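Worksheet for the structure shown next.
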Amino acid sequence: MNAAAAAERVARESYGRLLALLAARTRDVAAAEDALAEAFAAALSAWPRGGLPDNPEAWLFAAAKRKLIDAARRRKTASEGEQQIMLGIEELEAEMSARDAPDKRLGLMFACAHPAIEESVRTPLMLQVVLGFSAERTASAFLVEPSAMGQRLVRAKKKIRDAGIGFEVPEPDAWRARLGAVLDAIYAAYTSGWSDPLGADPERRGLAEEAVWLARVLVSQVRDEPEALGLLSLMLHLEARRPARRDRDGRFVPLDEQDVSLWTRESMLEAEAALRAASLAKRPGRYQLEAAIQSAHATRAWRGEADWDAIVLLYGALSELTGSPVARLNAAAAIARRDGPERGLAAAEEVARLHPVLNDYQPYWALRADLCARLGRAEAARAAYAEAIAREDDAAVVRFLIERREKI
Amino acid sequence: MKYAIIVYESADDFAAREDARAKTYWDGHGAYFGALQAAGVFTGGAGLMPPHAATTVRLRGGARQVVDGPYADIKEQLGGFYLIDVENLDAALAWAEKCPGASTGAIEVRPLVEMNQ
Chain L
89 MNAAAAAERV ARESYGRLLA LLAARTRDVA AAEDALAEAF AAALSAWPRG GLPDNPEAWL
149 FAAAKRKLID AARRRKTASE GEQQIMLGIE ELEAEMSARD APDKRLGLMF ACAHPAIEES
209 VRTPLMLQVV LGFSAERTAS AFLVEPSAMG QRLVRAKKKI RDAGIGFEVP EPDAWRARLG
269 AVLDAIYAAY TSGWSDPLGA DPERRGLAEE AVWLARVLVS QVRDEPEALG LLSLMLHLEA
329 RRPARRDRDG RFVPLDEQDV SLWTRESMLE AEAALRAASL AKRPGRYQLE AAIQSAHATR
389 AWRGEADWDA IVLLYGALSE LTGSPVARLN AAAAIARRDG PERGLAAAEE VARLHPVLND
449 YQPYWALRAD LCARLGRAEA ARAAYAEAIA REDDAAVVRF LIERREKI
Chain H
482 MKYAIIVYES ADDFAAREDA RAKTYWDGHG AYFGALQAAG VFTGGAGLMP PHAATTVRLR
542 GGARQVVDGP YADIKEQLGG FYLIDVENLD AALAWAEKCP GASTGAIEVR PLVEMNQ
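This is the structure we're talking about:
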């Protein structure tokens, strides 16, 4: 790896940790972001020339700290006297150098998930401040105009600062209300990392691992919370299949065709244990259901066949619970596997009729194309593949879809 | 941080100040005030007379316009406010929900702009 790429990787990995640390004291997320951005720019110009420092994170912290102090001097706000900021930063320094410093990212995530923050912006905000997503990227993930998303994020950061939202993981009775948004952000980060398994995009590299790590921290801090365990289980099941998702030539391999001997047994077993622990609470939820679906797929590794009855049932329960058109679509795909392509296609068309938004969703067209092809409706299948290809960003998946279309 | 706990009261809440429920009403605010003081977070505040006592003034083009009534004629009206100094928004919200009127009206929590000495 060249120096520039190494610098970029270190910088990315440190982003959320440093931002959480810098913002925890002042609650001024935007100021911490500005300081950190300047520190990163300095690092990206200094490191490739002079080599990586011994402790890159401490280097970044020191640089960001200077920027933060400079900014505070310039601003001289009425509410945060310079002395107060200096005091806060001395405390931060002690925390930074302490071994096993507690990870403040979780506290920052809970601040973003505060009920005082507008609901629709909570998850995007977490993705931006904890994981360094740009406004453009969160906007595209949430189907919102980038400028509108940018404004909402700015407003939310002002609210955190000016309303004095605390950065602590809340007490058990308060965290339930916020946990959902925290779980959603972790999963959104995971899926964003998941869709780029080769790690070609530096922004996404390590994002999936980061998400799993955050879920582990969450599980250790909010003990016995079944949905947190459910999310961890879900991500571990998906992680287990990572080695089988691409063939030697980097081609996309759909779940049905994956070589189960490549699935990581260790992750699968841990996923199963987490799901069992979650089920003890007898409070089912979205992530537990999704983990159970993956668990039913995982039975293929042991019994040679996924449990399609369970998958159809669980997707049904999931779509009941969430009203999500994607869950309904997945139920249709499972019906196709269990009851044949004709039934599956009818179910998928019914879902698309009820939820026109699916007409912009790549997996809908890919499913439709596959089922039409299996029913011998070649023209309809080719047209559906064209629609799917037009809606896919991942080059490996595009290649897969093109190959499928050519085989008709 | 310093916050204003702003109490919006319904017409019925205002009526409760003077009818058979008056003792309960005033005892409630008295107890709340006592709790704020005992916790060492109270820094000021005032109860306000009902909206019928309000007069709104505007200066437009140098001319004074005076009208009867509160600034905004809405269902719930400003009835008073407490000023407190607590660690963060969650602490302020915890006090706000204990405020009499939280279950009948609405309590707005607003940080104060801190003035330089």
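These protein sequences, in sequence, are chains L and H. Every position in the first sequence, counted from 1, becomes a number in this note's numbering once 88 is added. Every position in the second sequence, counted from 1, becomes a number in this note's numbering once 481 is added. Glycine included, each C-beta is placed from N, C-alpha and C at the ideal position. This one's a predicted model, so the numbers in the text were calculated from it and none came from an experiment.
Item to complete: Could you tell me whether the stretch 111-119 of chain L touches the stretch 128-137 of chain L, using the rule of 3 or more Cβ pairs below 8 Å?
Response: no
Using only CA atoms, which one of L:ASP122, L:PHE230, L:SER407, L:ARG364 lies nearest to L:HIS443?
Comparing alpha carbon positions, the residue from L:ASP122, L:PHE230, L:SER407, L:ARG364 closest to L:HIS443 is L:SER407.
Worksheet item: Is the Cβ of L:ASP250 closer than 8 Å to any Cβ of chain H?
Response: yes
Range of the contiguous alpha helix (DSSP H) that encloses L:ILE490 = Annotation for L:ILE490: the continuous alpha helix (DSSP H) segment containing it runs 483-495.
(request) Taking C-beta pairs closer than 9 Å, name the residues in chain L that H:PRO551 reaches, listed in chain order. (result) Within chain L, no residue has its CB atom less than 9 Å from the CB of H:PRO551, the nearest being about 25 Å off.
*Does the beta-carbon distance from L:ARG193 to L:LEU302 come in below 8 Å?*
yes
Do the stretch 519-528 of chain H and the stretch 561-569 of chain H touch if we need at least three Cβ pairs shorter than 8 Å?
yes
- Message: Since L:ALA472 and L:ALA484 should fall inside the 8 Å C-beta cutoff, what is the C-beta to C-beta distance between them, to a whole number of angstroms?
- Response: That pair is no contact at about 19 Å.
Problem - Contact set between the stretch 192-224 of chain L and chain H, restricted to residues whose Cβ is under 7 Å from the partner - result: ALA204
| said: Cutting at 7 Å between CB atoms, please list the residues of its own chain near H:ASP494, excluding the five before and the five after it. | reply: Cβ neighbours of H:ASP494 beyond the five flanking positions: GLY560, GLY582, THR585, GLY586.
Query - Distance between beta carbons of L:ALA328 and L:ALA359, contact taken as under 8 Å - result: 7 Å
Worksheet entry | Alpha-carbon to alpha-carbon, H:GLY509 and H:ALA503 | 10 Å
At the 8 Å Cβ level, is H:LEU540 part of the contact set with chain L, yes or no? no
| message | Using CA atoms only, rank isn't needed, just tell me which of L:SER222, L:GLY252, L:LEU317, L:GLU126 is closest to L:TYR238. | response | Note that residue 238 of chain L corresponds to Gly in the displayed sequence, not to Tyr. Per the Cα distances, L:SER222.
Which complete beta strand (DSSP E) runs does the stretch 268-317 of chain L hold, if anything under 3 residues is left out? none
query = Between L:LYS155 and L:GLU183, is the Cβ-Cβ spacing less than 8 Å?
reply = no
- Grouping DSSP H, G and I as helix and E and B as strand, with all else coil, what is H:LEU564? strand
What span of residues does the beta strand (DSSP E) with H:GLN518 cover, start to end?
Element bounds for H:GLN518: not the beta strand (DSSP E) but the alpha helix (DSSP H), 503-519.
Chain-ordered residues of the stretch 553-573 of chain H with a beta carbon less than 9 Å from chain L:
For chain L, the residues of the stretch 553-573 of chain H that bring a beta carbon within less than 9 Å of one of its beta carbons are VAL567, GLU568, ASN569, LEU570, ASP571, ALA572, ALA573, in chain order.
Problem - Three-state class that DSSP yields for H:THR536 in the structure shown - result: strand
message: With distance defined between alpha-carbon atoms, name the residue in L:TYR278, L:VAL98, L:LEU350 nearest to L:ASP147.
response: Before going further, note that residue 147 of chain L is Trp rather than Asp in the sequence given. The shortest C-alpha separation from L:TRP147 is found at L:VAL98.
Using a Cβ-Cβ distance under 8 Å, would L:ILE496 count as near chain H?
Chain H contact via Cβ: absent.
(message) Considering just the uninterrupted stretch of the alpha helix (DSSP H) at H:ARG498, what are its terminal residues?
(response) Run containing H:ARG498: none; DSSP gives neither H nor E here.
Query raised in the report: Considering only the beta carbon of each residue, do L:PRO212 and L:PHE230 sit closer than 8 Å?
Result: Contact: yes.
- Query: Do you know how far the Cα of L:LEU319 is from the Cα of L:ALA150?
  - Reply: 35 Å
**Q.** Host alpha helix (DSSP H) of L:ASP427 (start-end)
**A.** 413-427
Determine whether the Cβ of L:GLY268 lies closer than 8 Å to any Cβ atom of chain H.
-> no
### Cβ shell of L:PRO429 (< 6 Å), same chain only, five flanking positions each side left out
LEU459, ARG462, LEU463
Note down, in chain order, each residue of its chain lying with its Cβ closer than 7 Å to the Cβ of H:ALA553, except the 5 sequence neighbours on either side.
none
Point to revise | is_contact[L:ILE253, chain H] using C-beta, thresh 8 Å | key: yes
Problem set entry | Range of the contiguous alpha helix (DSSP H) that encloses L:ARG388 | 374-391
*asked:* For the structure I just gave you, are there three or more beta carbon pairs, one from the stretch 533-553 of chain H and one from the stretch 507-523 of chain H, closer than 8 Å?
replied: no
query: L:PRO497 versus chain H: which residues are under 8 Å apart at the beta carbon?
result: The first residue shown for chain L is 89 and the last is 496, placing residue 497 of chain L beyond what the model contains.
(Q) I'd like to know whether the C-beta of L:PRO258 is nearer than 8 Å to at least one C-beta of chain H. (A) Output row for L:PRO258: interface = yes.
Worksheet item: Tell me, which residues are paired with H:LEU559 by DSSP?
Response: H:TYR489
* Could you tell me if H:LEU540 is buried or exposed, where buried requires 16 or more neighbouring beta carbons within 10 angstroms of its beta carbon? => Exposed is the call here.
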